[in-house]
Structures are given as C-alpha cells and as structure tokens.
Amino acid sequence: MSAPSSVQAHTRVPSPATHPGNNFDAIRIVAATMVLYSHHFALTGQMEPSFFGIYSLGGLAVTIFFILSGYLVNASWQRDPNLWRFGLRRFLRIWPALTVAVVLTAYVLGAWVTQLPLKEYLTHRATANYLQALGMKIHFVLPGVFENNPYRLGVNGSLWTIPIEVRCYIALGLAGLIGLLKYRPVLLLSIAVLIGWFLARSNPDVTGTVHHGRELSAFFLTGAALYTLEPYWRRRPVLWGGAIALATAAVWMGGWRHSALLLGLPFFIIYAGTQTTAYIRRAGRWGDPSYGIYLFAFPIQQSVIQYGWPQLGFAGTLFISLAVTVALAYASWHLVEKQALRFKPSSSEAWFGASAVRAVKTRFLALSELQYFAIVLGFIGVVYAAWLVASWPGILGQDSLAIMLEVDTDRVHQANKPAFWYLYALLTYGATGRVEVPIALQMLICAAVCARILAWMLARRMWKSFAYCLIFVALAPSVVYYSSSFYSDGIYAIALSGMMFEVWRSIRNRSVDLPSLLIFFVTIPFAIFGRPNGLLNLIPLAALTWVLSKPHRIRVSLVIVPWLIVGFGSQFIYKYKNPIGSVFPLALYETVGFLEHRPMGLWEHNQPRVTAKTVDALTSTGQSLDKIREFHDHYYWDPLIFFPMGPALMSLSDQSKRTILKEFFKYNLWHNFPAFMASRVNIFLYAAMANGGIPGPPRPARYCRSPNPYPVSSP
C-alpha cells in the first residue's frame, strides 16, 4: 500500500486495501486448533506446559484472535463507517453459529449424555439458563452433564471470550459513531491513552494478576492501531519489525513479559497475516472453520472423554475430538455461517426503516432453492422440536402402545400393523427403549419433506401457495400432532405427499435430480409399506420408471429396489403366525360398542342390542360383559384384543369368532346401523381433528414396560 500523497490523506484514516490472498485464514485455523489442543490437557486432568511461563498455548491463541479481530473489525468500519451496517455484520458473524452451538449443546448433546431423567433435564432451570449465552451471560454447566469427567466444571469453557469480543465491537462502533475513528491522530491518541491506562492500572507485570477482559481488549486495540498505521509499516516492514523486536527484547529482559508480548506480538501476527504465502494462503479455500472449531471443540472433547477416557488415552481422545470438531466446524461454516453472511449489507445499502426492509427482501429473493430449503427446514424444525419437547416423549395413543407392546413382547401381542412398521419400531424403539427416538425421526422426515416442497414454491415466487401450505399443511395441528405420535398415519400422509411431488416433478422434467432421489429415499418406505393400502402407491413409481430414460431409470431404481427388498422381505421375516386381519377386529369392536347404553334407549326398541349367540360367544372364555365393556375404547379396537389384563378376545375359539362374524352381518349390524354409522363418522372426525393420538387410557402401567408387565396368558 502506497503512502498518501496529500496533507489531508496524512490526517484522515485511509480506506483499506483489500487482500484477495492472505494468510489470515490459516492463522485463525491454527489458533483455533491451538485452543482445542490446550484445553485437552485440562479436560483430561493434566497439567499443561506454559508459553514462556505466562500463557498456555490456548491463552496465546485467544490473544491472537483478539489481535486479528481488532485489525479486521477496524478495517470493516473504515470501509463502511455506518453503525447499523457495522452492527448487522458483527451480529451475522457471531450470533447464528453461536445460537446453533448453544441450542445443540443444551438440547441435543446435553439431553443425550445427561445422567438425569430426560424430562427432568429438559425442565431443569439450569438447562434453560444455558441459553442465556445468546444474551452474553455465559453459564458453563448443564444439569447432570459431564459430572464424572476429569474436568466437571464446564460444558463449553470456550464461550467466556465471546462477551469480551462483543464489548470490543460495541466500543469500536460507538467510537466510530462519535467520530474518534475518522482521523488517524485522534484514533491513535485514543488507543494510546487506553493502553497507557491498562499498563498503569491492570498490567499483570505491575499488579501480579491477570484481568483477562482488559488484557484482551488491549490486544484488540493494538490490532486496530496496526490497521490505522498500515500505510507506514507496509512501506518499511523490515525497519518497523526490527525496531519493535528490539523494543520487545529490551522490555522482556527487564522482566515485563506481559508488556513485551503486548508490544511485539501484534505486529508480527498482523504482518504474517497480510502476507501472501504459497499454499498457506489457500487454507480457506474450503471455507473458514476457525469459529466453528472454537465453538464446538470443548463440548465435543468432553463427550469423547466421557466415553473414551482413559481407555483411548490422551492422543486417542485428542485425535477423535479433532476429527469430529473439524467436520462439525466445516458443516457450521457451509450450512450456517456462510448462509448468514449472505445477508451482510453492502456499503450502498441503507439498513434502516423501509430501506432495510427493501434490502432484506432483495437479498431474500436472490437466495437459491437450497438456501430456501435450509431456512424453511430450520423454521419448521424449531416448531416441531418445541412441540415434541412440550408433549415429550410424544403423543402415545392406543396404536402407539400397541406397537410398543408388540416390540416389548417379541410379538406375543399383535398390533396388526404392516411388517415394515414393526421393523421400523424394532430398529428405533426396540433398540433404544426410548419411544422418542422413532417419533423424532418421523418429525424430522416430515419437516424435510415439507421444507422441500415449500422451498420449491419460494424459488418460483408462489407466495400464496407457500403461505397456504405452510400454515394449513406443514404447521397444521393434525400434521404436527400425528407426526409426533408413534403412529403410521402421519408419516404415511406426509411421505406420500413428498413422494408424489417428486414423481410429478420427475415425470414433468423427464429426469430425476439429486434432491428428488434424496426425498424418494426417505419417503418410499413409509409411503409404500407404512400402511396396508400403501402398495397401491407403487403404481406412480412404475409410471415414473416407464417414462424416464435409461440412465435416469437406473438412478431411481437404485433407490426403489433396495426399499422393495426391505419392505417385501419384512413381510416374510415378520409374518404373523396368526394374523387377525381387519374384518373380525372391526366386527368385534362394533359389536362390543353396540352393548353400550345409549341416551333414552334410542333405536333399541326394548329389544336385545345383540343376539344371545353373540353374548355367549363373547363370554365363552369366562369374561363378563362388564369386563369386556370396560376395555371398549371409542376409537381403537386394541384394548379389546391386545392389552394385558384385558379381555384378550383374540383368544376366543374359532367357533366363537365365526359366530361373532356371522351374527354381526346377519343381525347385529342392521339392528344397530345408526350406532354403526355414528361410530364410523366419530372416528373419521376424530382423525380429521387430530385427536387420533390422544394419550393412552387410564392405568397405563398395564400397557407399558415394567419388570413383570404381562401377567396374563397371551392370546
């Protein structure tokens, strides 16, 4: 950068030059990794070597971060001295990724590793307090989390520096607002006064104690000063570097080590960062993972140590922690940070009032379909997650209890569900013993399918269709309710919608793209095998493969065929030895319903509600009609057939079953036809109003896991 040529240029702060290729990304990545490595000593209960006796490696890395931040944030202000745009840029850089890290740590990682019962953990005050980190009030512990680790005092000990950094941003923005950053002499004098005050009042070489907030702020100021002085040291870097090195050495030998680092470290870090070094300058070509490493490393390390220490040792846990953290950091950059930074305002945009609305609208309309998908998925996911937490562990109705009972008893009791649904329950609920696992997976699939269709609408400016489908489909009470129940109807309906949408798109385009293949992959098993009538949905898939060209037919077949093997294979592997069908349960359910007392005896005309043969058949196992009626549910037949301590009417003899069926169609149905129609309409409305997953009946201990939950003989 050449020196200014006019007198005015010597007094005003220069507009910054851009550095299209520099080493800053590499320095940030190395510094973030240093923090991870440094923390691993404390997290495994070991002493860490110090840096020249005054800093740990992590402490040095944090100092480097503040130096870089002072330089780059001052540069940002000088490029565009507008407080609103400056503040928005800082917000978009800090809060989106921080929000993701804090929420995932509290409600995913913490919920997974806590020693407390899950409901107690989720409702614990300390769990909610952890979210105060988003307001710059850091809470370091979560209830029952990492309490047996060598280091028990923190879930994410890295967050303490973020409020300090935000305060530096605020101070610099306010200084710019009142004009202190406009002229170089004023800015440098202000920085000199502040650093002089720090050296006199808070310098560890003087006080013997480290005030971290003030010390890091001092390094931030030196970074800002170096940006302001850049026209001079850029012209003669060797002279500046030599003079600073000599001064640093003299102060160091005088025993003022903290002061020496404050004097020398910033210049050499900034000078190294502004260079363009082969290979090193390309460190950020895949993205900038440094902030993600800083945010995610600590909880990831604690998790790995909880499960792998001391068996894997220091090096083993360090390597796994580093690999997982870097992967998450790159995901954070590409999925969260990079997407948020797309909303950074340009210097020409006025971010206030109506202008701000127009600017946001312009940027929103410029987003890609994938970005729309990420935004909509995030929004729907938050709504679904909030509902799942509120109804934890989900909506457990009779059908949910029936399939749980079938898994718990190794199919002694039958839920009369498709074999694939039993396989799904076995792999999710059966493997974990936690019904919230399959429910959460169902809700995730539903959210992804809805987000896919809604993003497609947004990309084509179908605003009314988007609003209608968002409100009356994706967020409809029935969809949210059924999706959060361990019941196939909700996931079946959404999966079928998603599958048919992709079939329509693919037939229309005569091709199958990657998003369609992914949606097919998650929807086909539920749309085809989630319900008995789902096999009919093979017809549109067959039509799709018919119209596609051979390459695209092969692509879609690679998704369809494996699921067909799984679905039909499960029919043979998990075939019911004594299938109950659907006609007899329906006849049995309605027959018992006919025995209910109705207001004013309507339609009975003082005649028996069911035939004597029917009563004899129902009570042939010794169960009384009162006992049978006790287990009649207005919406499900499961209590009559499956539940322990119930009448277990599937154990009736074949002759009794035939009698019930024969009498139902011969007399009982027609004599009670209004009651039958009322029952059918009631069930339809029950489902339509999203009550199908109503929590289970009284005395749920009869139906859920316990040390000895099945004292009665199996049907």
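Residues in the sequence shown are numbered from 327 upward in steps of one, following the working numbering. Virtual Cβ for every residue (Gly too), placed ideally from N, Cα, C.
Quick one: grab the DSSP three-state call for Tyr-381. Note: Tyr-381 maps to strand in three-state DSSP.
Using only alpha-carbon positions, find the residue among Lys-876, Leu-506 and Ile-353 that is nearest to Ile-595. In terms of Cα proximity to Ile-595, the closest of Lys-876, Leu-506 and Ile-353 is Ile-353.
Does the ligand PLP have a heavy atom nearer than 7 angstroms to the CB of Phe-827? With respect to small molecules bound, the structure shown includes none, and the ligand PLP cannot be examined in it.
Ranges of the alpha helix (DSSP H) found wholly within the segment 823–901, counting only runs of at least 4: Entirely contained in the segment 823–901, the alpha helix (DSSP H) runs reaching 4 residues are, in chain order, 840–855, 864–873 and 876–899.
The segment 602–614 contacting the segment 554–565, beta-carbon criterion three pairs below 8 angstroms: no
Exposed or buried, which one is Arg-778 when buried takes at least 16 other CB atoms within 10 Å? Burial call: buried.
Grouping DSSP H, G and I as helix and E and B as strand, with all else coil, what is Tyr-558? helix
Have a look at Leu-867 and Gly-461 and give me their C-alpha separation to the nearest angstrom. Whole-angstrom Cα-Cα distance: 50 angstroms.
Rounded straight-line distance, which links the Cα of Trp-718 to that of Glu-556: 58 angstroms
Pair within 8 angstroms by beta-carbon distance, Phe-846 and Phe-746: No, these two residues do not count as a Cβ contact at 8 angstroms.
Can you tell me where the alpha helix (DSSP H) with Ala-777 in it begins and where it stops? 762–785
In the DSSP assignment, what residue or residues form a beta bridge with Ile-721? Partner residues in the beta bridge of Ile-721, as assigned by DSSP, are Ser-811.
Which ranges does the alpha helix (DSSP H) cover as unbroken runs of at least 4 residues, wholly within the segment 428–461, from first to last along the chain? 436–439, 444–449 and 451–456
Return helix, strand or coil for Ser-629, following the three-state DSSP convention. helix
Just the Cα atoms here: how many angstroms apart are Ala-657 and Leu-430? 14 angstroms
Is Arg-935 closer than 8 angstroms to Leu-921 when the C-beta atoms are compared? yes
Tell me the start and end of each unbroken alpha helix (DSSP H) in the segment 360–414 that is at least 4 residues and wholly inside, in chain order. If one requires a minimum length of 4 residues, the alpha helix (DSSP H) runs lying completely within the segment 360–414 are 383–405, in chain order.
Does the segment 627–634 come close enough to the segment 467–484 that 3 or more CB-CB pairs lie under 8 angstroms? Of all C-beta pairs linking the segment 467–484 to the segment 627–634, three or more are shorter than 8 angstroms, placing the two stretches in contact.
Check for me: the alpha helix (DSSP H) holding Val-532 runs from which residue to which? 530–533
How many angstroms separate the CA atom of Val-885 from the CA atom of Leu-843? 7 angstroms
For Leu-752, which residues from the same chain have a beta carbon less than 7 angstroms from its beta carbon, with the 5 sequence-adjacent residues on both sides left out? The residues are Val-733.
Just to confirm the assignment: which complete alpha helix (DSSP H) runs, minimum length 4, are found wholly within the segment 684–719? For the segment 684–719, whole alpha helix (DSSP H) runs of length 4 or above, ordered along the chain, are 695–716.
Closest by CA to Gly-522, which one among Gly-860, Met-825, Thr-535 and Arg-540? Arg-540
Compute the distance between the beta-carbons of Leu-822 and Asn-863, then report whether it is under 8 angstroms. In this structure, Asn-863 lies closer than 8 angstroms to Leu-822 by Cβ.
Comparing alpha-carbon positions, which option in Ser-726, Gly-756, Ala-550 and Ser-672 lies nearest Ser-395? Ala-550
Within its chain, find whatever has a CB closer than 6 angstroms to the CB of Leu-840; leave out the 5 residues flanking it on each side and keep chain order. none
Indicate whether Leu-654 and Gly-707 have their beta-carbon atoms separated by less than 8 angstroms. no
Closer than 8 angstroms is the cut-off here; do at least three beta carbon pairs connect the segment 355–372 with the segment 636–647? Counting C-beta pairs with one atom in each stretch, the segment 355–372 and the segment 636–647 have three or more that are closer than 8 angstroms, which means they touch.
Sequence-distant residues of the same chain with beta carbon closer than 7 angstroms to Ala-1042, five excluded per side: Since the first and last residues shown for the chain are 327 and 1041, residue 1042 lies out of range.
Indicate whether the contact test is met: 3 or more Cβ pairs, each with one atom in the segment 347–366 and one in the segment 385–400, closer than 8 angstroms. Contact holds: three or more Cβ-Cβ distances are below 8 angstroms.
For Ser-726, count neighbouring Cβ atoms within 10 angstroms of its own Cβ and tell me buried if that reaches 16, exposed if not. Residue environment analysis places Ser-726 among the buried positions, since at least 16 neighbouring C-beta atoms fall within 10 angstroms of its C-beta.
C-alpha gap between Trp-713 and Pro-803, whole angstroms: 10 angstroms
Identify whether Gly-580 lies in helix, strand or coil by the three-state DSSP scheme. coil
Cα-Cα separation, Ala-459 to Trp-421: 10 angstroms
Between the alpha carbons of Ser-543 and Phe-622, how many angstroms are there, rounded? 24 angstroms
Cβ-Cβ separation, Lys-664 to Gly-613 (assumed contact under 8 angstroms), whole Å: The pair is a contact, with the Cβ atoms about 7 angstroms apart (cut-off 8 angstroms).
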